[in-house]
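Under the numbering used here, the residues of the sequence shown are numbered 8 to 270, in order.
Beta carbons are placed, not taken as given, at the ideal position from N, Cα and C, and that holds for glycine.
This report concerns only the one structure given below.
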Amino acid sequence: MGDRAIPKIAVWKFASCDGCQLSLLDCEDELLAVAEAVEIAYFPEVTRTVVEGPYDVSLIEGSVTTPHDAVRITEIRKNSKLLITIGACATAGGIQALRNFADVSEFVSAVYAHPDYIDTLAMSTPIANHVTVDFELRGCPINKHQLVDVLSAFVNGRKPNVSSSSVCMECKRNGAVCVMVAHGTPCLGPVTHAGCNALCPSYNRGCFGCYGPKETPNASSIARWWNTELHVPHAELARTFRGFNAYAKAFRNESGLHVDATD
Ligand code: SF4
Ligand code: SF4
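Dropping the structure here:
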């Protein structure tokens with residue numbers, strides 16, 4: 008921040024499970040330093056204290072799923088110098104975006120005794136579909152070390168050290184054995200955004216894409232390889248790309264190619 012005043016940070020929740028906000032609270036070792044460097048002006052999960060905006064940085068968790076959400080995010084944007092989205096819900100619509108491939112009124116009728124009380128949008132959409140976003144931090148949930156780095160970057164006026172490469176790069180850096188090459192285990196690592204330090208492959212499991220698509224992913228290539236070399240059927244491929252980041256463009260497009268395909 009240019010004037011070196013203590014930046015005011017606000018943390019806002021939209022449709023989400025709160026896991027990304029908990030990642031911030033989970034920074035036991037760093038939280039005191041963060042609390043000294045910034046003023047937590049609005050963070051209902053932590054404190055009832057509310058400091059009025061405008062805010063220097065707003066962190067947004069969750070997707071837009073109601074008409075009220077759509078109005079609220081516009082107001083928050085107007086009241087924030089920088090707006091950073093955190094997690095799969097805010098950056099890609101979240102698991103709740105599975106409704107985007109179906110008829111939400113059918114879900115509402117099946118789940119609620121009085122569907123007429125429910126005021127919801129037909130789709131769950133990422134924050135960037137509604138307002139300008141200054142930085143998107145991916146993950147389900149986000150990596151707390153990346154969150155601290157992003158906050159520190161914006162507070163100190165530098166670029167965040169968040170790589171846009173794939174989970175495979177983290178595997179290679181860690182010297183981990185590739186589960187797909189060594190064991191034929193399907194792994195979405197080649198098309199998934201880095202950030203988890205290759206958590207699943209380090210436990211001998213394939214990646215299921217919780218960090219969403221990397222920059223310029225070749226989803227069609229890996230889907231073709233899974234299908235022809237690992238004999239993963241199209242229905243399974245469609246399900247694979249319809250996870251926490253189902254509505255992220257690359258995964259959305261790829262799942263659409265397999266949903267009605269026959270094996
Ligand atoms: S295990 Fe997965 S993430 Fe790791 S190198 Fe192999 S394909 Fe890539
Ligand atoms: S699913 Fe993939 S991106 Fe998510 S923690 Fe596992 S390896 Fe990382």
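Residue 199 has its Cβ nearer than 6 Å to a heavy atom of ligand 2. The beta carbon of residue 192 lies closer than 6 Å to those of 186, 213 in the same chain, with the five residues before and after it left out. Around residue 66, the same chain offers 18, 91, 93 as residues with beta carbons nearer than 6 Å, after the five sequence neighbours per side are excluded.
No Cβ-Cβ contact shorter than 7 Å links residue 106 with residue 70. In this structure, the beta-carbon distance from residue 39 to residue 64 does not fall below 7 Å.
Listed in chain order, the alpha helix (DSSP H) elements of length 4 or more contained wholly in the region 117–151 amount to none. At a cut-off of 6 Å, the beta-carbon of residue 184 does not count as near ligand 2: no heavy atom of the ligand is closer than that. The beta-bridge partner set that DSSP reports for residue 15 consists of 46.
When C-alpha distances from residue 60 are compared across 222, 98, 14, the shortest belongs to 14.
Approximately 6 Å separates the beta-carbon atoms of residue 198 and residue 221; this is inside 8 Å, confirming the contact. Beta-bridge annotation (DSSP): residue 22 is paired with 70. Classified as buried, residue 98 has 16 or more neighbouring CB atoms from the shown chains inside 10 Å of its CB. Within the chosen limit of 6 Å, ligand 1 does not reach the beta carbon of residue 146 with any heavy atom.
By DSSP's assignment, residue 93 forms a beta bridge with 68, 144. The three-state reading of DSSP puts residue 156 in helix, counting H, G and I together. When DSSP reads this structure, residue 220 sits in a beta bridge with 199. Not one heavy atom of ligand 2 lies closer than 6 Å to the C-beta of residue 62. For residue 179, the enclosing alpha helix (DSSP H) covers residues 174–181.
Taking a contact as a CB-CB distance under 8 Å, the pair residue 95 and residue 111 does not count as one, their CB atoms being some 19 Å apart. When the beta-carbon positions are compared, residue 114 and residue 76 stay at least 7 Å from each other. DSSP places residue 189 inside the alpha helix (DSSP H), whose first and last residues are 186–190.
Within the same chain, Cβ atoms closer than 6 Å to the Cβ of residue 217 are found at 147, 251, the five residues on either side in sequence being excluded.
A straight line joining the alpha-carbon of residue 81 with that of residue 72 spans about 14 Å. Note that the C-beta distance between residue 205 and residue 174 is below 7 Å. Within the chosen limit of 6 Å, ligand 1 reaches the beta carbon of residue 196 through at least one heavy atom. Sequence-distant partners of residue 243 (beyond 5 residues in either direction) whose C-beta falls short of 6 Å from its own C-beta are missing from its chain.
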